[in-house]
Amino acid sequence: EAGVTQFPSHSVIEKGQTVTLRCDPISGHDNLYWYRRVMGKEIKFLLHFVKESKQDESGMPNNRFLAERTGGTYSTLKVQPAELEDSGVYFCASSQDRGRTNTGELFFGEGSRLTVL
Amino acid sequence: AQRVTQPEKLLSVFKGAPVELKCNYSYSGSPELFWYVQYSRQRLQLLLRHISRESIKGFTADLNKGETSFHLKKPFAQEEDSAMYYCALTPFSGGYNKLIFGAGTRLAVHP
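These protein sequence lines are chains S and Z, in that order. Numbered per the working numbering, the first sequence spans residues 8 to 124. Numbered per the working numbering, the second sequence spans residues 31 to 141.
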C-alpha cells in the first residue's frame with residue numbers, strides 16, 4: 008500500500024512568487040494534516056482536514072497560506088506571495104477516523120522542502 | 031498552554047551505552063504522549079505511544095504525570111538508533127490526532 012506522498016520534494020522560489028505543495032494521503036484516511044518545520048525549530052501544526060472540511064486551521068500563519076482538499080482526497084497548500092520566513096519543510100500526514108480502531112498514529116509523507124530566496 | 035520540551039538538541043553516546051532522551055510536557059488535561067523518529071533519508075514514523083506500554087526496538091518510555099515527563103530510554107544503544115527523535119502529545123479529548131511536537135533531539139551513536 009502506498010504511503011503518504013508529497014510533491015514537490017524540493018522547491019526553490021524567489022520572494023513574492025507562488026508555490027503550491029501537494030499531498031496525497033493514504034487511501035481511506037479521512038484525516039489529513041499539514042505541519043511545518045522551520046530550521047532548528049519544532050514541527051508545528053498548520054491545519055487539519057476531515058475529508059474535505061477544515062476541522063482546525065489554528066496553526067496557519069497568515070492569509071498568505073491557503074489549503075484545500077477538494078473532494079476529500081488529495082490536498083494542496085498554496086503560499087502566495089512567499090516570504091523568506093516561509094522557508095522550511097512542509098509535512099503532510101494522514102490518519103484513520105478516530106472512532107475506529109485507531110492507535111493515534113499519524114502517517115507522514117517525506118516532506119516538501121521550500122526555500123524562498 | 032500545550033507545550034512539549036526536549037531540552038537536548040544533540041545526544042551523543044557510544045554503542046552499548048544507556049540512552050535517555052528527555053521530554054517534558056505542559057498540558058492541563060490528560061494527553062496522549064508519543065515518540066516519533068526520523069532516520070536518515072526516511073520519513074517521520076511512530077516509535078511508541080504511552081498507552082500501549084510497549085517496548086519497540088528496545089526503547090521504552092514511561093509517562094510520569096507528577097513530573098509531566100515522558101523520557102525515552104534504551105539500556106544499550108546501537109548505531110542504527112542514530113536518528114532524530116521527537117516527543118509529541120495529543121489532547122485526549124481532541125477527538126483527532128493533532129500532534130504538538132517538541133523541537134527534537136538528535137541521537138548520535140558512535141561505534
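Ideal placement from N, C-alpha and C gives every residue a C-beta, glycine not left out. Keep in mind it's a predicted model, so treat the numbers as computed, not measured.
8 Å contact criterion, which residue i and residue j should meet: CB distance rounded
i: F52 (chain S); j: I130 (chain Z); result: 7 Å
i: T98 (chain Z); j: S56 (chain Z); result: 6 Å
i: L51 (chain Z); j: F64 (chain Z); result: So it is not a contact: roughly 13 Å between Cβ atoms.
i: S94 (chain S); j: L121 (chain S); result: 6 Å
DSSP-derived helix/strand/coil call for residue i
i: S112 (chain Z); result: coil
i: I81 (chain Z); result: helix
i: D63 (chain S); result: strand
i: E92 (chain S); result: helix
i: T77 (chain S); result: helix
i: S119 (chain S); result: strand
i: N38 (chain S); result: strand
i: C53 (chain Z); result: coil
i: N19 (chain S); result: Residue identity check: residue 19 (chain S) is Val in the sequence provided, not Asn. DSSP places V19 (chain S) in strand when its eight states are reduced to three.
i: K103 (chain Z); result: strand
i: I50 (chain S); result: strand
i: R44 (chain S); result: strand
i: K85 (chain S); result: strand
i: I33 (chain S); result: coil
i: E38 (chain Z); result: coil
i: Y69 (chain Z); result: coil
Proximal chain S residues relative to residue i, where beta-carbon distance stays under 9 Å
i: A107 (chain Z); result: Near A107 (chain Z) there are no residues of chain S at all, since even the closest Cβ is about 24 Å away, more than 9 Å.
i: Y116 (chain Z); result: E49, I50
i: R73 (chain Z); result: G10, V11, F98, F114, F115, G116, E117, G118
Under 7 Å by beta carbon: chain Z residues contacting residue i
i: H36 (chain S); result: The premise fails here: H36 (chain S) is roughly 11 Å from chain Z at the closest Cβ pair, so nothing lies under 7 Å.
i: S102 (chain S); result: N127
i: D63 (chain S); result: K128
Residue i burial status per 10 Å Cβ neighbour count (16 or more: buried)
i: K22 (chain S); result: exposed
i: T129 (chain S); result: A question about residue 129 (chain S) goes unanswered here, because the residues of chain S that appear run from 8 up to 124.
i: N38 (chain S); result: buried
i: S85 (chain Z); result: exposed
i: N127 (chain Z); result: buried
i: P61 (chain Z); result: buried
i: S16 (chain S); result: exposed
i: R33 (chain Z); result: exposed
i: G71 (chain Z); result: Looking at the sequence itself, residue 71 (chain Z) is Arg, so the reference to Gly does not match. Under this definition R71 (chain Z) is an exposed residue.
i: V139 (chain Z); result: buried
i: E49 (chain S); result: buried
i: L113 (chain S); result: buried
i: V67 (chain Z); result: buried
i: D92 (chain Z); result: exposed
Listed by chain order, chain S residues near residue i by CB distance under 8 Å
i: G132 (chain Z); result: E49
Chain S residues whose Cβ lies nearer than 7 Å to that of residue i
i: L102 (chain Z); result: Chain S residues near L102 (chain Z): none, gap ~16 Å exceeds 7 Å.
i: A76 (chain Z); result: The sequence shown places Leu at residue 76 (chain Z), rather than the Ala named in the question. The answer, in chain order, is E112.
**Asked** Between the stretch 107–114 of chain Z and the stretch 47–54 of chain Z, are three or more C-beta pairs nearer than 8 Å?
**Response** yes
**Asked** Is it a yes or a no for the stretch 31–40 of chain Z touching the stretch 16–36 of chain S, going by three-plus beta-carbon pairs under 8 Å?
**Response** no
**Prompt:** Counting Cβ pairs closer than 8 Å, one from the stretch 42–57 of chain S and one from the stretch 66–73 of chain S, do we hit at least three?
**Reply:** yes
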